[in-house]
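Chains as they are written, first to last, in numbering that gives the first Met the number 0: chain Z, 0 to 144; chain A, 0 to 101. Note that CB positions come from ideal geometry on N, CA and C, so glycine has one too.
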Amino acid sequence: MKNYMKLTFPSDSVNQSFARSAVASFILPLNPTLSELSDVKTAVSEAVTNCMVHAYRHTTGEITLECETFGNVLHIRISDTGVGIENVELATTPFYTTLDDEERSGMGFTIMQTFTDELKVTSAKGQGTTVYMTKIFTDGQTDAE
Amino acid sequence: MTVSAKANDNSLYIYLSGEMDEHSARAARIRCDDLIESNAACCRLILNLAGIRFMDSTGIGFLIGRYKKAKLLCMQIFIENPEPCTDKILSVSGLYALIPKI
Ligand SMILES: Nc1ncnc2c1ncn2[C@@H]1O[C@H](COP(=O)(O)OP(=O)(O)OP(=O)(O)O)[C@@H](O)[C@H]1O
Ligand SMILES: [Mg+2]
Numbered sequence: 000m001k002n003y004m005k006l007t008f009p010s011d012s013v014n015q016s017f018a019r020s021a022v023a024s025f026i027l028p029l030n031p032t033l034s035e036l037s038d039v040k041t042a043v044s045e046a047v048t049n050c051m052v053h054a055y056r057h058t059t060g061e062i063t064l065e066c067e068t069f070g071n072v073l074h075i076r077i078s079d080t081g082v083g084i085e086n087v088e089l090a091t092t093p094f095y096t097t098l099d100d101e102e103r104s105g106m107g108f109t110i111m112q113t114f115t116d117e118l119k120v121t122s123a124k125g126q127g128t129t130v131y132m133t134k135i136f137t138d139g140q141t142d143a144e
Numbered sequence: 000m001t002v003s004a005k006a007n008d009n010s011l012y013i014y015l016s017g018e019m020d021e022h023s024a025r026a027a028r029i030r031c032d033d034l035i036e037s038n039a040a041c042c043r044l045i046l047n048l049a050g051i052r053f054m055d056s057t058g059i060g061f062l063i064g065r066y067k068k069a070k071l072l073c074m075q076i077f078i079e080n081p082e083p084c085t086d087k088i089l090s091v092s093g094l095y096a097l098i099p100k101i
């Protein structure tokens, strides 16, 4: 079955928990295992938090979160129209961060990559960033949980 | 996220629980550093993560921040009882090389 949803919300940190919980609820019909559910929540939280702390630093902007499911495959798209990333390859390197002094570890993209099956980032300086992630579920129905 | 603590002669135990993200970490940072400073005589700091139900990379930065604080005060720092979801993110990031799990 095909299903989709789209949310837009302001980049207020209070929405971090809402955004990941919304995706977690949306994917429940796919019978994710507990660990798959937790992986998706973490990956979404990384991308949404990046919009809040980097894209719209010192301002508030709009974040768009879209999800699409086809069978046991989930596609996620999270986008902002903030400052953008000049060098995506560099930004996605483990431990690379532009906010060292704020207790950021530079592991966000590495975690998105590890916790999903595919990560793609497109960005243009001054225009914004879009993060695409794909997660394939093993189908919890055959799971003994 | 909630923060509570217990101290004996040489060890300070800090219990973190709830969801650790950028939103919740702000207040927890201040609370933890206050606890560490007021128990600076302890030579061991144990961060108990049993109550943490969610963590993203903010948690890694948070833990490294407390590691630096503890180092300044010559305290040894350890992590105790992470849930599987927390354990995964801490393993992936290599954090246990800095803060051993006991
Ligand atoms: N949506 C975004 N808009 C603009 N810059 C971004 C965005 N997302 C990431 N970046 C840039 O890419 C860098 C790496 O991001 P990543 O999430 O890996 O680490 P971080 O956010 O700096 O630290 P952590 O996620 O570990 O707290 C950031 O420091 C920032 O410069
Ligand atoms: Mg990040």
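- Task: Check whether the stretch 64-80 of chain Z touches the stretch 119-138 of chain Z, counting contact only when three or more Cβ pairs, one atom from each stretch, lie closer than 8 angstroms.
- Result: yes
- Message: Between A/I63 and chain Z, is the shortest Cβ-Cβ distance under 9 angstroms, so that the two count as touching?
- Response: yes
- Item | Listed by chain order, chain A residues near Z/R103 by CB distance under 7 angstroms | The contacting residues are G60.
- Query: If you measure beta-carbon to beta-carbon, which residues of the stretch 39-51 of chain Z are closer than 8 angstroms to chain A?
  - Reply: K40, T41, S44, E45, T48 and M51
- Can you find a heavy atom of ligand 1 that lies under 8 angstroms from the Cβ of A/A26? no
- List the residues that DSSP assigns as beta-bridge partners of Z/D79. Z/I62 and Z/T128
- If Z/V72 sits next to Z/T133, beta carbons under 8 angstroms apart, how far is it from one beta carbon to the other, in whole angstroms? Rounded to whole angstroms, the Cβ separation of Z/V72 and Z/T133 is 7 angstroms, and the two are in contact under 8 angstroms.
- Are the beta-carbon atoms of Z/S12 and A/S56 separated by less than 9 angstroms? no
- Message: To the nearest angstrom, how far is the alpha carbon of A/M0 from that of Z/M51?
- Response: Across the structure, A/M0 and Z/M51 are spaced so that their CA atoms are roughly 19 angstroms apart.
- Message: Taking the alpha carbon of Z/S122 as the reference point, which residue from Z/L33, Z/A21, Z/A54 and Z/I26 has its own alpha carbon closest?
- Response: Z/A54
- Query: Between the beta-carbon of Z/N2 and the beta-carbon of Z/E67, is there less than 9 angstroms?
  - Reply: Yes. Within cutoff.
- Message: Strictly under 9 angstroms for the Cβ-Cβ distance: is A/K5 near chain Z by that measure?
- Response: Chain Z, which has no Cβ nearer than 9 angstroms to the Cβ of A/K5, makes this no.
- Inter-residue CB distance, Z/L36 and Z/A21 (contact presumed, cutoff 8 angstroms): That pair is no contact at about 13 angstroms.
- A/F77 and A/I51: beta carbons closer than 9 angstroms? no
- Query: Between the Cα of A/A24 and the Cα atoms of Z/T92, Z/T113, Z/E102 and Z/F8, which residue gives the shortest distance?
  - Reply: Of the candidates Z/T92, Z/T113, Z/E102 and Z/F8, the one whose C-alpha sits nearest the C-alpha of A/A24 is Z/E102.
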